[in-house]
Each structure stands twice: as C-alpha cells, then as structure tokens.
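Colleague: In the UniProt record's numbering, the protein residues as written are 1 to 205.
(1) I need the boundaries of the alpha helix (DSSP H) containing residue 133, first residue and last residue.
(2) Do residue 56 and residue 101 have their C-beta atoms closer together than 9 Å?
(3) Please return the same chain residues whose Cβ sits closer than 6 Å to the Cβ of residue 40, not counting the five positions on each side in sequence.
(4) Put residue 21 into one of helix, strand or coil per three-state DSSP.
(5) Could you compute how far the alpha carbon of residue 32 sits from the alpha carbon of residue 51?
(6) I'd like to confirm the pairing. Which residues does DSSP put opposite residue 81 in its beta bridges?
(7) Which of the three DSSP states, helix, strand or coil, is assigned to residue 99?
(8) Going by CA-CA distance only, name the one from 148, 133, 147 that's closest to residue 141.
(9) Could you compute how far the alpha carbon of residue 128 sits from the alpha carbon of residue 117?
(10) I need the boundaries of the beta strand (DSSP E) containing residue 149, first residue and last residue.
(11) Compute the Euclidean distance between the alpha carbons of residue 69 and residue 156, then round it to the nearest angstrom.
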C-alpha cells in the first residue's frame, strides 16, 4: 500500500497545484480504488475444492450403446477428469476431483462420450457459480449436493440432455475474505489512507 501511494504522489500533488488539469485521479478516487483492490485481492486466494462426481442421467441415444463416458471438471484454467464409465444412460463414477479455486470461480462440468476412432462427443455441459453456491449454503461447501442440468447447443438453441449429480466440499467464505462494500463499515480505513495521502503531500517522506 505504501509503495502504491508513493508511486502516485506526484500525480496527486499536480492535482492540488493544478485543480483544473484533467486526466489525474482525485485523492478520494485513489483511496476508493485502493480499498476496492484490497477487498477483491482477498478473494483471489485459492483454496482446494473437492468435487465428487457421483452419477449422471443421460437421455438415451442409439449411438451411446456401449460408449465409455467420462466427466471433465474445470475452473480457472485447471481441469480434471474422471475414469470412464461404460453405462450409457446412467453412468456412475463416485470419483473425487480436486481443483484450486476462489470464491469467485465458476466450476464447469462437461460429460463426454469417448471414441477411439474420432473426436470425443460432448453429451452435455453445466456451470456452477461458486459464490452463488456459497451464499445458498451458509457460506461454506461441506459435502453439498448439487444436481446440475446438462445441455448442449444445437443449431442455435439449447437442448437439455440430462443431469449430473456432484458433491462439493472444502470451500469456506469467511468474513476476512468477503468482498466488503465501500460503506461506513470501512470508513475508518479510508480515513487512514487519506491521512497518509496528505502526509505524502506535505513532502515529509
């Protein structure tokens, strides 16, 4: 924080000396931006989320007979896969996949049909907003069951293809890493930042 303030003190001095100049942030804007950056930064710390892929119900297709089906889970550029199940309509895995996530992550699931002669076929996909899930389950995911609707895009429309059951465990949203609104609750911190700005402006650093 101190380094950030010192890097921008020249701009702030210019604003006070030339109040009509454009393109320079005000002291209040700088303090507000700093508070927001600190709040959002606390949410970016990663935690391990354990996603147990339980089972799926896939709408029956003739082409799925004897197919090997697996699930791919991904978040923030990291992905994990289950083993292959040879049940075409009701595959089961009960396999735990571990991903590094933050409360702001989106957890994506894709169900694939494996094919040795051509590219694997997407049977359905679903996405889960982890922040929304945390809010719905008292700010923690403790073996929480989620039944996700699977769908695919076909000819410009979304087609429902089944559902996927997963259990989520290991992620907690504490008060320390909650995204705090810029209200009176953190006015004291804002005042301290402004006081330090004026200290820098005095030229005594």
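Using N, Cα and C, we set each Cβ at its ideal position, and we do this for glycine too.
Modeller: To lay it out plainly:
(1) For residue 133, the enclosing alpha helix (DSSP H) covers residues 130-136.
(2) No, the Cβ-Cβ distance between residue 56 and residue 101 is not below 9 Å.
(3) In this prediction, residue 40 scores a pLDDT of 44, lower than 50, which makes its location untrustworthy; no coordinate-derived value is stated.
(4) With a pLDDT of only 47 at residue 21, under 50, the local geometry of the prediction cannot be trusted, and the value read off the model is given with reservation. Coil.
(5) A caution first: residue 32 carries a pLDDT of 47, below 50, which makes its placement in the model too unreliable to give a value.
(6) According to DSSP, which records beta bridges pairwise, residue 81 is partnered with 72.
(7) Of the three classes helix, strand and coil, the one that applies to residue 99 here is strand, per DSSP.
(8) Nearest neighbour of residue 141 by Cα position, chosen from 148, 133, 147, turns out to be 133.
(9) About 32 Å.
(10) Residue 149 -> beta strand (DSSP E) spans 144-154.
(11) Residue 69 and residue 156 have their C-alpha atoms some 25 Å from each other.
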